[in-house]
Amino acid sequence: MANHAGTQDDRPLRDAGGAATGTVTVPKDMTEPKVFEDALRRSEETYRVLFQKNPNPVWVCDAETLRILGVNEGAMRVYGYAREEFLGLTLADLHVSDDVPSLLEHASSPQPELVDAGVWRHRKKGGTIIDVELVSQEIQVDGTRALLAMAIDVTDRRRAEEALRRSEYLYRTVASNIPSGAVGLFDRELRYIVVDGAGVLDAAGVSKEALVGKTIGEVLPAETWALLEPLCRGALEGRTANGEVPSRGRIYFIHTLPIPGENGEVSMGMVMALDITARKCAEEEVRRMNEDLERRVVERTAELEDAYHHLQALSAHLQSVREQEQARIAREIHDELGQALTGLKFELSRLAQRLRGHPGGVSDQATALGAVVDETIHNVRRISSELRPAILDDLGLLDALEWHAEEFEKRTGIKCTVKAPRRRIEAGPDLGIALFRICQEALTNVARHARATAVRIVLARNRGNVVLEVHDNGAGTPPGVLTGAKSLGLLGMRERTRAFNGELVIRGAPGEGTMVRATIPCRD
Numbered sequence: 004m005a006n007h008a009g010t011q012d013d014r015p016l017r018d019a020g021g022a023a024t025g026t027v028t029v030p031k032d033m034t035e036p037k038v039f040e041d042a043l044r045r046s047e048e049t050y051r052v053l054f055q056k057n058p059n060p061v062w063v064c065d066a067e068t069l070r071i072l073g074v075n076e077g078a079m080r081v082y083g084y085a086r087e088e089f090l091g092l093t094l095a096d097l098h099v100s101d102d103v104p105s106l107l108e109h110a111s112s113p114q115p116e117l118v119d120a121g122v123w124r125h126r127k128k129g130g131t132i133i134d135v136e137l138v139s140q141e142i143q144v145d146g147t148r149a150l151l152a153m154a155i156d157v158t159d160r161r162r163a164e165e166a167l168r169r170s171e172y173l174y175r176t177v178a179s180n181i182p183s184g185a186v187g188l189f190d191r192e193l194r195y196i197v198v199d200g201a202g203v204l205d206a207a208g209v210s211k212e213a214l215v216g217k218t219i220g221e222v223l224p225a226e227t228w229a230l231l232e233p234l235c236r237g238a239l240e241g242r243t244a245n246g247e248v249p250s251r252g253r254i255y256f257i258h259t260l261p262i263p264g265e266n267g268e269v270s271m272g273m274v275m276a277l278d279i280t281a282r283k284c285a286e287e288e289v290r291r292m293n294e295d296l297e298r299r300v301v302e303r304t305a306e307l308e309d310a311y312h313h314l315q316a317l318s319a320h321l322q323s324v325r326e327q328e329q330a331r332i333a334r335e336i337h338d339e340l341g342q343a344l345t346g347l348k349f350e351l352s353r354l355a356q357r358l359r360g361h362p363g364g365v366s367d368q369a370t371a372l373g374a375v376v377d378e379t380i381h382n383v384r385r386i387s388s389e390l391r392p393a394i395l396d397d398l399g400l401l402d403a404l405e406w407h408a409e410e411f412e413k414r415t416g417i418k419c420t421v422k423a424p425r426r427r428i429e430a431g432p433d434l435g436i437a438l439f440r441i442c443q444e445a446l447t448n449v450a451r452h453a454r455a456t457a458v459r460i461v462l463a464r465n466r467g468n469v470v471l472e473v474h475d476n477g478a479g480t481p482p483g484v485l486t487g488a489k490s491l492g493l494l495g496m497r498e499r500t501r502a503f504n505g506e507l508v509i510r511g512a513p514g515e516g517t518m519v520r521a522t523i524p525c526r527d
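At position 412 of the sequence shown the residue is numbered 415 (the working numbering), and the sequence of numbers has no breaks.
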């Protein structure tokens with residue numbers, strides 16, 4: 004027999020006539036109310052656990068005053084208030100002041116069911132503002148209307164959403180303002196997710212709205228897609244790439260790059276297209292102009308080289324003519340004037356002898372005239388030698404240089420030495436006179452500008468070249484003077500050297516003297 008909790012109820016027994024004959028005890032079952040009480044107790048315990056242990060903040064507040072009647076551990080943890088502090092606050096105290104009127108309006112409305120109250124700004128104990136998503140429902144507490152409210156902190160989510168909106172706004176702003184280009188995001192199936200930019204219609208032939216959801220290959224010509232596809236697939240494989248791709252009669256600079264997802268793996272790619280048709284046309288025009296300019300430069304250079312060769316030939320001819328003319332004048336001076344002066348000297352000598360003993364010193368005057376004639380003869384020979392030293396034609400370059408060095412030392416007082424190999428250096432008459440004139444001009448510059456006390460002349464052979472070097476120990480020459488175009492002497496030395504395909508080097512520095520070196524090819 005089952006055990007049942009309960010009480011006994013004594014009832015009278017009656018006979019057919021209704022008279023009491025005894026009593027009967029009837030047990031009364033009390034099981035059902037006890038089960039209900041246990042269930043209610045368990046339900047309240049479950050509610051208490053759910054209320055207290057919920058990680059989100061939960062409050063119970065008076066529906067009229069919004070005074071907080073109860074609070075869970077999540078609210079204390081998130082907001083920083085102790086339980087006693089919460090019980091001294093209203094729900095409005097947690098809201099920023101601007102939101103309180105809306106809160107009061109919301110609380111005054113009946114809420115028989117769970118209501119999503121939206122996102123509100125709450126202030127924590129330390130003053131920090133957080134965004135919370137509030138849900139509430141009207142309940143009864145001790146016969147009084149109350150509100151059960153739960154807050155979910157969505158601050159990070161809202162910031163992320165705001166950052167995403169800001170990023171998308173910036174992206175669309177940048178993309179839509181690219182002057183002649185477009186930007187697109189595509190998924191791993193090469194399908195457009197987002198497309199924007201002023202040049203979309205020109206590049207794809209359709210509007211940007213019509214591109215979303217289509218693959219890149221669907222909207223581009225086959226020849227364009229063949230060039231673009233490797234770049235896009237490379238982006239999905241994590242590579243950044245650039246290239247130039249033609250499309251619909253225009254040329255685009257393409258830049259593709261991978262876009263990683265939250266897990267760090269590539270989830271999509273970005274393609275940026277910039278219309279560079281005008282730039283390429285300009286580059287082609289510049290290239291064509293450069294080619295035309297180069298052609299003209301080549302033509303003008305050839306003309307200048309031809310003119311230069313003509314000038315060189317003319318200069319060489321003038322040098323030759325001048326040397327020939329100087330040689331002729333030197334011979335005439337030496338032969339004609341020299342002979343006349345010699346004869347005059349002879350006659351003056353005879354006249355002085357005849358007039359010896361005559362009064363008035365006539366004989367002495369004749370002798371003095373003879374001395375003047377001697378000096379004139381010496382000057383004539385010097386001038387003749389400077390115009391064309393006969394020793395150069397008779398004995399060769401080395402003897403002419405040695406003679407000129409002696410004359411230079413006598414005239415200037417600057418010690419001048421000549422160094423040459425034992426083996427005689429043979430040079431033709433034209434080369435010989437050119438080297439002699441170079442040495443002559445170099446020594447003239449030493450006498451005029453160097454303030455030197457010694458000068459050395461070196462004549463040598465080196466690897467098929469004749470080398471003439473004149474080096475003084477004077478004050479030196481600044482570099483700008485050495486390359487100056489106004490020095491006719493230097494220009495003359497250079498022209499003489501170039502006439503034989505040689506090279507003239509002049510080096511000088513203040514305090515280190517000056518060196519002039521002429522190197523001219525010469526076969527034995």
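Even glycine gets a Cβ: it sits at the ideal position worked out from N, Cα and C.
Every value quoted in this text rests on a predicted model; they were computed, and no experiment measured them.
Span of the alpha helix (DSSP H) around residue i
i: Ala393; result: 393–397
i: Glu472; result: Taken as a continuous stretch (DSSP letters only), Glu472 belongs to no alpha helix (DSSP H), being part of the beta strand (DSSP E) at 468–475.
i: Gly479; result: Run containing Gly479: none; DSSP gives neither H nor E here.
i: Gln356; result: 341–357
i: Tyr82; result: 76–82
i: Arg293; result: At residue 293 the sequence reads Asn, which differs from the Arg that was named. Looking at the DSSP string, the run of the alpha helix (DSSP H) that includes Asn293 is 280–335.
i: Val222; result: 219–222
i: Pro104; result: 103–111
i: Glu506; result: That residue, Glu506, is in no alpha helix (DSSP H); its beta strand (DSSP E) goes 506–511.
i: Arg425; result: No alpha helix (DSSP H) holds Arg425; DSSP gives it neither H nor E.
i: Leu434; result: 432–448
i: Leu400; result: 400–415
CA-to-CA distance, residue j to residue i, given in whole angstroms
i: Asn324; j: Ala457; result: For the sequence presented, residue 324 should be read as Val rather than Asn. Cα-Cα distance, rounded: 34 Å.
i: Leu223; j: Lys128; result: 59 Å
i: Arg126; j: Glu136; result: 14 Å
i: Glu67; j: Thr93; result: 11 Å
i: Glu287; j: Ala229; result: 25 Å
i: Arg385; j: Phe411; result: 12 Å
i: Glu389; j: Gln327; result: 13 Å
i: Val376; j: Leu404; result: 28 Å
i: Leu260; j: Ile219; result: 15 Å
i: Cys64; j: Ala95; result: 10 Å
i: Ala154; j: Leu107; result: 17 Å
i: Arg464; j: Glu472; result: 11 Å
i: Arg426; j: Asn293; result: 56 Å
i: Trp406; j: Arg414; result: 12 Å
Element boundaries [beta strand (DSSP E), containing residue i]
i: Thr420; result: 418–422
i: Ser139; result: 132–144
i: Ser366; result: No beta strand (DSSP E) holds Ser366; the alpha helix (DSSP H) holding it covers 365–390.
i: Asp65; result: 61–65
i: Ala95; result: Per DSSP, Ala95 belongs to no beta strand (DSSP E); it is in the alpha helix (DSSP H), 94–97.
i: Leu150; result: 147–156
i: Ala185; result: 184–189
i: Gly237; result: That residue, Gly237, is in no beta strand (DSSP E); its alpha helix (DSSP H) goes 225–239.
Burial state of residue i (16 or more Cβ within 10 Å)
i: Pro392; result: buried
i: Ala408; result: buried
i: Ile132; result: exposed
i: Pro524; result: exposed
i: Leu97; result: buried
i: Lys211; result: buried
i: Ser112; result: exposed
i: Cys284; result: exposed
i: Asn75; result: buried
Any C-beta of chain D under 8 Å from that of residue i
i: Gly220; result: Of the protein chains in the structure, only one exists, and it is not chain D.
Whether residue i touches residue j by CB criterion (8 Å)
i: Ala333; j: Leu354; result: no
i: Ala2; j: Ser170; result: Because the chain is modelled from 4 through 527, residue 2 falls outside the range shown and cannot be assessed.
i: Asp102; j: Arg124; result: yes
i: Ala453; j: Asp475; result: yes
i: Ser366; j: Leu372; result: no
i: Val383; j: Ile336; result: yes
i: Leu400; j: Ala374; result: no
i: Lys422; j: Val470; result: no
i: Gly492; j: Gly516; result: no
i: Ile380; j: Gly341; result: yes
i: Gly216; j: Asp278; result: no
i: Val186; j: Met275; result: yes
Whole-number beta carbon distance between residue j and residue i, since they are thought to touch under 8 Å
i: Cys235; j: Gly272; result: 6 Å
i: Glu319; j: Leu438; result: In the sequence as presented, Glu is not what sits at residue 319; that position holds Ala. Wrong, their Cβ atoms sit about 15 Å apart, outside the cutoff.
i: Thr280; j: Arg253; result: 4 Å
i: Met518; j: Ile441; result: Actually they do not touch by this definition, with Cβ atoms about 13 Å apart.
i: Pro58; j: Gly77; result: 5 Å
i: Arg459; j: Thr500; result: Actually they are not in contact, since the Cβ atoms of Arg459 and Thr500 sit about 20 Å apart, beyond 8 Å.
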